[in-house]
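Asks:
Residue numbers (the working numbering), protein chains in the order written: chain A, 26 to 250; chain B, 25 to 53.
#1: Please classify residue 42 of chain A: does DSSP put it in a helix, a strand, or coil?
#2: Please identify, using Cβ separations under 9 Å, the residues of the region 127 to 142 of chain A that lie next to chain B, in order along the chain.
#3: Rounded to a whole number of angstroms, what is the C-alpha to C-alpha distance between residue 296 of chain A and residue 202 of chain A?
#4: May I ask you to list the residues that DSSP assigns as paired with residue 55 of chain A?
#5: For the structure I just gave you, are there three or more beta carbon pairs, one from the region 103 to 114 of chain A and one from the region 185 to 204 of chain A, closer than 8 Å?
#6: Terminal residues of the continuous beta strand (DSSP E) containing residue 224 of chain A?
#7: Hey, which unbroken runs of the alpha helix (DSSP H) at 4 residues or more fall wholly within the region 65 to 152 of chain A?
#8: What three-state label does DSSP hand residue 202 of chain A in the structure shown?
#9: Output the distance between the C-alpha atoms of residue 161 of chain A and residue 95 of chain A, rounded to the nearest integer angstrom.
#10: In chain order, what residues of the same chain lie with their CB nearer than 6 Å to the CB of residue 163 of chain A, ignoring the 5 residues before and after it?
#11: Are residue 34 of chain B and residue 219 of chain A closer than 8 Å when you measure CB to CB?
#12: I think residue 72 of chain A touches residue 184 of chain A, with their Cβ atoms under 8 Å apart; what is that distance to the nearest whole Å?
#13: Which whole-angstrom value is the C-beta distance of residue 148 of chain A and residue 216 of chain A, which I expect to be below 8 Å?
#14: Please list, in chain order, all residues of the same chain as residue 153 of chain A whose beta carbon is under 8 Å from its beta carbon, the five residues on each side excluded.
#15: Check whether the region 220 to 235 of chain A and the region 126 to 144 of chain A are in contact - that is, three or more C-beta pairs closer than 8 Å.
#16: Would you kindly work out how many angstroms separate the C-alpha atoms of residue 55 of chain A and residue 53 of chain B, rounded to a whole number?
#17: What distance in whole Å lies between the Cβ atoms of residue 241 of chain A and residue 75 of chain A, which are believed to be in contact at a cut-off of 8 Å?
#18: Using DSSP's beta-bridge definition, name the partner residues of residue 164 of chain A.
#19: Which bits of chain B does residue 168 of chain A rub up against, with CB to CB less than 7 Å?
#20: Please confirm whether residue 75 of chain A has its beta-carbon closer than 8 Å to some beta-carbon of chain B.
#21: Can residue 99 of chain A and residue 81 of chain A be called in contact, C-beta distance under 8 Å?
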């Protein structure tokens, strides 16, 4: 009996210890240096980005994680707006596929949008954005779905005939292998011919993140080099 | 160019123009 009580006390102790550790090191900014090494951000930028992350992740539930509602709220200042693109972007950020974004997922994904990120990273991300079914190629039906959804979201009106003709012309240009789909190589070539297709893939804000969130210096754990 | 009519755009340019895919909202108050 005494041994049993001793066991329970030990278990409680371990649990309390775990809770204490969690409180001392809230999940999120565990090792800014690792993230800085593996992304285009400096340590200071990672820490400033964490200030943004804390703001967004506490908007609805203050749990140190960003759910889809908080992501939409930050993007559009309303969680009511329906956006196929915002959904796609969230899903691509959510590399653990658990419906929520941790800081690491958030920072790694935003790194692609940094002005200094490699163009190939931006091209690959944009390809994934349009590859709705994640089959490794963009199908005509996926393009149509995106065109129809984005036109509806923006209140633009184009007849089905016009949409079909735009998609026909797009595939004539992009689908150089004539197999009815756009693969990564064809997408790469199309983007080279039309660099404007990547215009939403660069966020100038990321260059000034440390001045936008100067409060990171109060929480900084590491001296930047 | 910004004044390109929708008929001259390819589907992806049209999507880019019509969609609200602009993550800068994340940084704005």
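In this text, a Cβ means the ideal position worked out from N, Cα and C, and glycines have one as well.
Replies: Walking through what the data contain:
#1: If you number the first chain from 1, residue 42 of chain A lands on position 17. Residue placement at residue 42 of chain A is flagged as unreliable, the pLDDT there being 44, under the threshold of 50; the coordinate-derived value follows with that caveat. Residue 42 of chain A falls in the helix class under three-state DSSP.
#2: Look at the region 127 to 142 of chain A: the residues with a C-beta under 9 Å from a C-beta of chain B are 135, 138.
#3: With chain A running from 26 to 250 in the structure shown, residue 296 of chain A is simply not present.
#4: For this step, residue 55 of chain A is matched to residue 30 along the first chain. DSSP lists no partner for residue 55 of chain A.
#5: no
#6: Counting from 1 along the first chain, the entry for residue 224 of chain A is found at position 199. Annotation: residue 224 of chain A is outside any beta strand (DSSP E) and is labelled neither H nor E by DSSP.
#7: 68 to 82, 93 to 101, 109 to 118, 128 to 137
#8: What you label residue 202 of chain A is simply residue 177 of the first chain in a count that begins at 1. Correct three-state label for residue 202 of chain A: coil.
#9: The residue labelled residue 161 of chain A in the question sits at position 136 within the first chain. The residue labelled residue 95 of chain A in the question sits at position 70 within the first chain. Taking the straight line joining both Cα atoms gives about 29 Å.
#10: Position 138 of the first chain holds residue 163 of chain A. So the qualifying residues of the chain are 155, 156, 207.
#11: Here residue 34 of chain B refers to the residue found at position 10 of the second chain. Here residue 219 of chain A refers to the residue found at position 194 of the first chain. Contact: yes.
#12: Along the first chain, one-based indexing puts residue 72 of chain A at 47. Along the first chain, one-based indexing puts residue 184 of chain A at 159. Wrong, their Cβ atoms sit about 51 Å apart, outside the cutoff.
#13: For the purposes of this step, residue 148 of chain A is taken as residue 123 along the first chain, with counting starting at 1. For the purposes of this step, residue 216 of chain A is taken as residue 191 along the first chain, with counting starting at 1. 5 Å between Cβ atoms; contact.
#14: To locate residue 153 of chain A, count along the first chain from 1; it is residue 128. If we look at residue 153 of chain A and ignore the five residues flanking it on each side, its Cβ neighbours are 117, 159.
#15: Cβ pair count under 8 Å is three or more, so yes.
#16: For the purposes of this step, residue 55 of chain A is taken as residue 30 along the first chain, with counting starting at 1. For the purposes of this step, residue 53 of chain B is taken as residue 29 along the second chain, with counting starting at 1. Between residue 55 of chain A and residue 53 of chain B, the C-alpha separation is close to 26 Å.
#17: For this step, residue 75 of chain A is matched to residue 50 along the first chain. For this step, residue 241 of chain A is matched to residue 216 along the first chain. About 7 Å; that satisfies the 8 Å criterion.
#18: Here the question's residue 164 of chain A lines up with position 139 in the first chain. A/206, per the DSSP bridge assignment.
#19: For the purposes of this step, residue 168 of chain A is taken as the residue at position 143 of the first chain. Simply 35.
#20: On the first chain, position 50 is the one that residue 75 of chain A refers to. For residue 75 of chain A, the answer is no, since every Cβ of chain B falls outside 8 Å of its Cβ.
#21: Locating residue 99 of chain A in the first chain gives position 74, where the first residue counts as 1. Locating residue 81 of chain A in the first chain gives position 56, where the first residue counts as 1. It is a contact, given that the beta carbons lie within the stated cut-off.
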